[in-house]
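Some notes on the structure that comes next.
Numbering (the numbering used here), first residue to last: 6 to 510.
Written as structure tokens, this is what we have:
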């Protein structure tokens with residue numbers, strides 16, 4: 006027999022034996038523990054209307070690595086920092102893609118965006134372009150003045166409220182959207198002079214509806230035999246929402262193409278010019294640009310504005326913490342000007358307040374799902390290929406094994422001498438991962454943190470805040486409205502009382 010043939014047979018045989026032994030070894034491992042599934046629907050009824058809370062309660066019984074059966078689908082849930090690290094760091098290469106469904110495919114123009122796009126060369130290129138033009142250190146510095154201009158507009162509008170309560174979330178949405186839109190298309194999207202721009206209202210409505218829709222556990226996704234019934238009306242809602250979203254995005258893109266804005270290079274212009282001059286993206290279509298634009302604008306503004314709203318609510322509810330924040334701001338900034346980007350590095354207590362908010366009120370309570378491309382072993386348990394991974398970010402931030410008095414809003418834990426002084430929120434420390442971790446960590450984390458810090462600092466520095474109808478701050482409603490992002494169930498309405506020198510406003 007030919008030695009080449011012998012060698013070939015030996016290699017192939019060795020590979021087959023290795024894979025067989027690997028399969029036998031893996032399948033001999035148990036699945037992670039979890040509740041007994043019900044017929045057909047599995048564990049869907051066990052997670053409740055607020056899945057992050059339902060899964061956290063189940064984790065108290067079955068442990069921080071849990072297996073659920075959602076219809077025919079395997080779902081594994083990580084509910085501790087140690088377990089999340091195994092998935093998102095040690096075995097991250099196996100979990101780079103996302104499971105798709107009708108909603109994500111339809112709303113992202115057939116997965117042409119960045120958030121849900123398959124991991125690969127195109128995804129890496131788009132992420133690189135986003136980083137270079139939007140989120141690099143240079144880009145953050147280049148757009149610093151722009152951010153401060155939009156925050157100053159917000160302060161001016163609040164000062165004009167004339168002792169009326171303001172819907173803070175609405176104003177924050179306009180401010181953060183205009184900030185991002187100036188970076189992306191070189192101009193403001195919304196008018197904020199009278200706080201009543203119909204297009205801003207429609208955008209906020211689209212963003213809320215989108216996050217709520219994507220946060221629903223759809224029976225049809227997990228029980229294909231029931232998918233055609235559309236028992237929850239998901240398909241109809243998705244098609245209607247996409248129609249509204251596409252109309253909004255089409256108008257913006259068409260206006261951008263005919264505009265003569267040359268003041269700043271912006272992200273969409275960069276995409277269009279890159280499309281024309283680089284072979285690797287010469288097939289980039291308008292629908293793909295709209296998908297990427299929607300990612301940045303909706304995900305960026307919704308998460309930032311909700312985090313700021315939660316932070317101000319916590320400061321109002323905890324006046325002793327607000328006093329400390331304002332004292333630090335008075336010392337560093339004074340009373341004769343607004344906070345600048347350059348001040349943020351000198352505001353450690355303010356930074357700790359933002360970290361504490363992100364711990365207790367993470368922008369996404371459950372991570373966007375990831376898909377197991379290969380089977381693997383985690384802490385002695387078998388994770389099957391094709392399983393969906395969910396990381397319970399909300400539960401991790403409240404884990405009593407990691408956090409002293411986990412339900413208490415206590416920024417001091419992040420200050421020098423505190424038990425978490427060296428912990429950051431940018432995916433390096435797995436006990437608090439509000440932006441995720443690993444290869445698919447939120448691309449805009451640095452910009453998001455900077456925007457939240459600047460606006461929170463400015464709102465606390467420029468105004469004292471009082472609740473309407475003389476409500477006791479300790480009784481402020483802090484209930485959550487579940488969706489893909491964590492919104493307040495009751496929007497924050499309060500009186501802003503100017504506290505700086507008059508000329509500042």
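Glycine residues also receive a C-beta, built at the ideal position from the N, C-alpha and C atoms. Predicted model, so just to flag it, every value in this text is computed and none were measured.
Contact under 7 Å by Cβ, residue 38 with residue 59: no
Secondary structure of residue 225, DSSP reduced to three states: helix
Residue nearest to residue 98 in terms of C-alpha spacing, selected from 469, 467 and 444: 444
Cβ-based burial, residue 35 [other Cβ within 10 Å; buried from 16]: exposed
Inter-residue Cα distance where the pair is residue 369 and residue 210: 18 Å
Extent of the continuous alpha helix (DSSP H) to which residue 307 belongs: 305–322
Assigned exposure category for residue 312 - 16 Cβ within 10 Å defines buried: buried
Length of the line joining the Cα atoms of residue 65 and residue 49: 18 Å
Reduced DSSP category for residue 231 - H, G, I as helix; E, B as strand; rest coil: helix
Residue 260 (DSSP reduced to helix, strand or coil): helix
Outcome for residue 175 when other beta-carbon atoms lying within 10 angstroms are tallied against a minimum of 16: buried
Endpoints, the alpha helix (DSSP H) within which residue 132 is located: 126–135
Per-residue DSSP class, three states only, for residue 491: coil
Exposed unless 16 or more other CB atoms sit within 10 angstroms - verdict on residue 262: exposed
Segment limits, alpha helix (DSSP H) that includes residue 353: 353–365
Segment limits, alpha helix (DSSP H) that includes residue 512: Nothing in the structure corresponds to residue 512, since the chain is present only between 6 and 510.
Sequence-distant residues of the same chain with beta carbon closer than 7 Å to residue 140, five excluded per side: 448, 449, 451 and 452
Other residues of its chain near residue 323: CB distance less than 6 Å, five sequence neighbours each side excluded: 414
Buried or exposed (CB count within 10 angstroms, at least 16 for buried), residue 508: exposed
Coil, strand or helix - residue 440 by DSSP: coil
Residue of 305, 82 and 33 minimising C-alpha distance to residue 40: 82
Separation of residue 272 from residue 124, as counted between CA atoms: 21 Å
Validate contact between the stretch 429–442 and the stretch 359–369 using beta carbons, cut 8 Å, 3 pairs: yes
Inter-residue CB distance, residue 302 and residue 186 (contact presumed, cutoff 8 Å): 7 Å
Same chain only: Cβ atoms within 6 Å of residue 276, ignoring 5 sequence neighbours per side: 294
Pairwise C-alpha distance: residue 374 and residue 104: 7 Å
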